[in-house]
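Right, one structure below, let's go through it.
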C-alpha cells in the first residue's frame, strides 16, 4: 500500500483527494492550497463516525486504531528518511515532486 492509498483514497463527504492532480499545479498559490487541502483531508479522516461502514473505509486493517494523522506522519517521515539515503539515485528522480509534496503536508502538522 502506498502513502496515497493510506490517506487520500478514503472519501470525505464523498470526495477523495487526488495527489496526482495536486502535483500538476504550476501556480505556487494553487500548490499551497492543494497542500492545505491534503492536510485537511487527513485530519478529517480521524473525524469519521464509527458506524461500521465508514469505519471499514477509514481503516484498511479493521484492528488498526492508530489515528490517520499519526499514521501519515510516520509514513511520510519514513519516506523522507529513505529519500535522504538514496535521493541521488536516478531511479528516485521520478518521485522527487511527490516526496516533496508529502513532506510539505507533513510540515503542516508540526
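Numbering (full-length UniProt numbering), first residue to last: 1 to 110. We put the beta carbon where it would ideally sit given N, CA and C, even for glycine.
Output needed for residue i: all residues of its chain with C-beta closer than 6 Å, excluding positions within five of it in sequence on either side, in chain order.
{"i": "residue 38", "result": "17 and 105"}
{"i": "residue 57", "result": "For residue 57, the predicted structure reports a pLDDT of 48, less than 50, and the residue's modelled location is therefore unreliable. The matter cannot be settled from this model."}
Is residue i helix, strand or coil by DSSP?
{"i": "residue 80", "result": "helix"}
{"i": "residue 15", "result": "strand"}
{"i": "residue 48", "result": "coil"}
{"i": "residue 40", "result": "helix"}
{"i": "residue 100", "result": "helix"}
{"i": "residue 30", "result": "helix"}
Which word fits residue i, buried or exposed, when buried means at least 16 other C-beta atoms lie within 10 angstroms of its C-beta?
{"i": "residue 24", "result": "exposed"}
{"i": "residue 36", "result": "exposed"}
As a quick exercise: from the options, pick the residue whose alpha carbon is nearest that of residue i.
{"i": "residue 7", "options": "21, 33, 30 and 70", "result": "70"}
{"i": "residue 42", "options": "32, 73 and 22", "result": "73"}
{"i": "residue 110", "options": "95, 26, 87 and 76", "result": "76"}
{"i": "residue 107", "options": "40, 87 and 21", "result": "40"}
Ordered along the chain, which non-local residues of its own chain (more than five positions away) have a Cβ less than 7 Å from that of residue i?
{"i": "residue 117", "result": "Absent from the structure is residue 117, since the part of the chain shown begins at 1 and ends at 110."}
Can you tell me the Cα-Cα spacing of residue i and residue j, whole angstroms?
{"i": "residue 100", "j": "residue 31", "result": "12 Å"}
{"i": "residue 85", "j": "residue 15", "result": "35 Å"}
{"i": "residue 117", "j": "residue 103", "result": "Because the chain is modelled from 1 through 110, residue 117 falls outside the range shown and cannot be assessed."}
{"i": "residue 93", "j": "residue 81", "result": "15 Å"}
{"i": "residue 34", "j": "residue 44", "result": "15 Å"}
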